[in-house]
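Enquirer: Each residue of the sequence shown is one higher than the one before, starting from 0 at the first, in numbering that gives the first Met the number 0. We put the beta carbon where it would ideally sit given N, CA and C, even for glycine. These numbers come from a predicted model, not from an experiment.
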Amino acid sequence: MSAVAVLGALEGAGHQVIPVGIDRSGSWHLADGGRRPMVAAGRPASMRLPEGTLHAAGDEVGFDVVFPVLHGPYGEDGTIQGVFEIAGIPYVGCGVLSSALAMDKDNAKKVIEAAGVATTPWMIVRADSFSDPAVTVDRLIKELGLPLFVKPAELGSSVGVSKAATDAALKDGIVRALGYGEKVLVEEAIAGREIEVAVLEGPRVSVAGEIVIKQEWYDYDAKYNDETSEFVTPADLTEPQMALVRQLAADVFEALECSGLARVDFLFEERGRGFLLNELNTMPGFTPISGFPKMWEASGMTYPELCNELVALALGS
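#1: So, with DSSP's three-state summary, where would you put S26?
#2: Pull the bridge partners of E148 from the DSSP assignment, please.
#3: Whose C-alpha, out of L29, V68, V204 and G81, is nearest the C-alpha of P49?
#4: Could you check what DSSP says for L279 in three-state terms: helix, strand or coil?
#5: Going by beta carbon distance, what residues of the same chain come within less than 8 Å of L169, once the five residues before and after it are set aside?
#6: What would DSSP say about L6, mapped onto helix, strand or coil?
#7: Note down the Cα distance separating I288 from R270, rounded to an integer number of angstroms.
#8: Quick check: the Cα distance between R245 and L255, rounded to an integer number of angstroms?
#9: So if DSSP puts Y179 in a beta bridge, which residue, or which two residues, is it bridged to?
#10: If I measure Cβ to Cβ from A237 and keep anything under 8 Å in the same chain, skipping five residues before and after, which residues do I get?
#11: Between Y90 and the rest of its own chain, which residues show a CB-CB distance below 8 Å, the 5 nearest in sequence each way excluded?
#12: On the DSSP bridge list, what partners appear for I210?
#13: With DSSP run on the structure shown, which of helix, strand or coil describes V65?
#14: How big is the Cα-Cα spacing for V5 and G11?
#15: Within the continuous alpha helix (DSSP H) that includes R138, where are the two ends?
#16: Just to confirm before moving on: does the CB-CB distance between A152 and K109 stay below 8 Å?
#17: What number of angstroms, rounded off, separates the C-alpha of T52 from the C-alpha of P233?
#18: Taking a contact to mean a Cβ-Cβ separation below 8 Å, would you say I194 touches F274 in this structure?
#19: In whole angstroms, give me the CA-to-CA distance for V317 and D171.
#20: Taking the Cβ atom as the reference point for each residue, do V19 and G32 lie within a distance shorter than 8 Å?
#21: State the CB to CB distance for the pair E196 and A248, rounded to an integer number of angstroms; the pair is presumed to be in contact (CB under 8 Å).
#22: How far does the alpha helix (DSSP H) with I85 in it extend, from its first residue to its last?
#23: Consult DSSP for L265 and reduce its assignment to one of helix, strand or coil.
#24: Figure out for me which residue from V160, G155, T119 and F62 has the closest Cα to the Cα of L143.
#25: In three-state DSSP terms, what is I123?
#26: Using 8 Å as the limit for Cβ to Cβ distance, is E200 near chain D?
#27: Quick one: what's G273 bridged to in DSSP?
#28: Confirm, please, whether the CB-CB distance from C93 to A261 is below 8 Å.
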């Protein structure tokens, strides 16, 4: 959905767009931009390195810049960004270092904490150190208490995430999360509001928005299937609170050496520790009704203007 929306906005701004889809096997295709929804099918395509030329059915396809609307591993973790860097191709979004750091929630938190921004307390469990689950679970509860969130350290969209209120649920959550990778993030479950801020290179910072949900927490189902979930922007914050969270978002963006764009997510304990960084997302959802574009719309930039601005940033213009 994000790719369809971006394609339409860029074409509306006068750009010629060549949609390229990557299927689950990793093969590239020139996709049909008129198909809804678009699928990663069509003429096989490939990019030649190090020259960075795109080829389809023996023909070279010319282009000026890449807008990678890719979420998760390989698309958002610095992998595809490294391909573009090798080829010397301008592209929208964060570079290799910031993409890789932001995807690894553990190392991102370490950098953010060192920069002086408070984050949700956490500990790490590695597959090779989980030989005695009872000892590990006891240590986590002693240090962080209950309830706890358990997350694969290098995934997004709440995939593999669980909330544990008992030692048994914590063990099960860790086992589940280890099915997605070798490192698991266990963090304190903060009883607070979910506040987000959209940032563009500069950094330029939008007004903040807030996720309002009916469910216990913002899991995968709440994000993509629950129509009762609501994104409110501007968030209902006082002027000092709004100014503070916007400044914190800019600080996080710079600490992780981001470029292009990012969405910075906080948990807000109004009568406690204030704003605590949850995570930074280098390629947030990008439909016109997604949080990132909605925050910029509330800040005076339309969706087509936002897409056009990202292309201009990538081209250095």
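Expert: According to the data block:
#1: Taking the sequence shown and counting its residues from 1, the one referred to as residue 26 is at position 27. Of the three classes helix, strand and coil, the one that applies to S26 here is coil, per DSSP.
#2: On the sequence shown, position 149 is the one that residue 148 refers to. As written in the sequence, residue 148 is Phe, which differs from the Glu given in the question. DSSP, once it has assigned bridges, lists K162 and E186 as partnering F148.
#3: Counting from 1 along the sequence shown, the entry for residue 49 is found at position 50. Cα-wise, what sits closest to P49 is G81.
#4: For this step, residue 279 is matched to residue 280 along the sequence shown. Strand, per DSSP.
#5: Numbered from 1 along the sequence shown, position 170 holds the residue referred to as residue 169. Cβ within range, chain order: V136, L139, I140, L145, L147, V149, A163 and V185.
#6: Stepping through the sequence shown from its first residue, residue 6 is reached at position 7. Reduced to three states, the DSSP call for L6 is helix.
#7: The residue you call residue 288 lines up with position 289 of the sequence shown. The residue you call residue 270 lines up with position 271 of the sequence shown. In a straight line, the C-alpha of I288 is about 31 Å away from that of R270.
#8: Here residue 245 refers to the residue found at position 246 when the sequence shown is read from its first residue. Here residue 255 refers to the residue found at position 256 when the sequence shown is read from its first residue. Rounded to the nearest angstrom, the two C-alpha atoms are 16 Å apart.
#9: The sequence position of residue 179 within the sequence shown is 180, counting from 1. Bridge partners of Y179: none, in fact.
#10: Position 238 of the sequence shown, counting from 1, holds the residue named residue 237. The amino acid at residue 237 is misidentified as Ala; the sequence shows Thr. None.
#11: The residue given as residue 90 occupies position 91 in the sequence shown. So the list reads V64, V65, F66, P67, Q80, F83 and A313, once near-sequence residues are dropped.
#12: Here residue 210 refers to the residue found at position 211 of the sequence shown. DSSP output for I210 lists E193 and F230 as bridge partner(s).
#13: Working through the sequence shown from its first residue, we reach residue 65 at position 66. Three-state result, V65: strand.
#14: Here residue 5 corresponds to residue number 6 of the sequence shown, with the count starting at 1. Here residue 11 corresponds to residue number 12 of the sequence shown, with the count starting at 1. Going from the Cα of V5 to the Cα of G11 covers about 10 Å.
#15: Here the question's residue 138 lines up with position 139 in the sequence shown. That run of the alpha helix (DSSP H) goes P132 to L143.
#16: For the purposes of this step, residue 152 is taken as residue 153 along the sequence shown, with counting starting at 1. For the purposes of this step, residue 109 is taken as residue 110 along the sequence shown, with counting starting at 1. Against a cut-off of 8 Å, the Cβ pair of K109 and A152 comes out as no contact.
#17: One-based indexing of the sequence shown puts residue 52 at position 53. One-based indexing of the sequence shown puts residue 233 at position 234. T52 and P233: Cα-Cα distance of roughly 43 Å.
#18: For the purposes of this step, residue 194 is taken as the residue at position 195 of the sequence shown. For the purposes of this step, residue 274 is taken as the residue at position 275 of the sequence shown. Against a cut-off of 8 Å, the Cβ pair of F274 and I194 comes out as a contact.
#19: Absent from the structure is residue 317, since the part of the chain shown begins at 0 and ends at 316.
#20: By one-based count along the sequence shown, residue 19 stands at place 20. By one-based count along the sequence shown, residue 32 stands at place 33. Going by C-beta atoms, V19 is not nearer than 8 Å to G32.
#21: Within the sequence shown, residue 196 is the residue found at index 197, counting from 1. Within the sequence shown, residue 248 is the residue found at index 249, counting from 1. A quick correction: the sequence has Val, not Glu, at residue 196. Contact flag correct, Cβ pair sits at about 4 Å.
#22: The sequence position of residue 85 within the sequence shown is 86, counting from 1. From DSSP, the alpha helix (DSSP H) with I85 extends over T78 to A86.
#23: Locating residue 265 in the sequence shown gives position 266, counting from the first residue. Before going on, a small fix: residue 265 reads as Phe here, not Leu. Strand, per DSSP.
#24: Counted from its first residue, the sequence shown places residue 143 at position 144. When only C-alpha atoms are compared, the closest one is T119.
#25: As a position in the sequence shown, residue 123 is number 124, starting the count at 1. The answer is strand: DSSP assigns I123 an E or B state.
#26: In the structure shown, chain D cannot be found, because there is only a single protein chain.
#27: Along the sequence shown, one-based indexing puts residue 273 at 274. E268.
#28: Your numbering for residue 261 matches position 262 in the sequence shown. Your numbering for residue 93 matches position 94 in the sequence shown. The answer is yes: Cβ separation under 8 Å.
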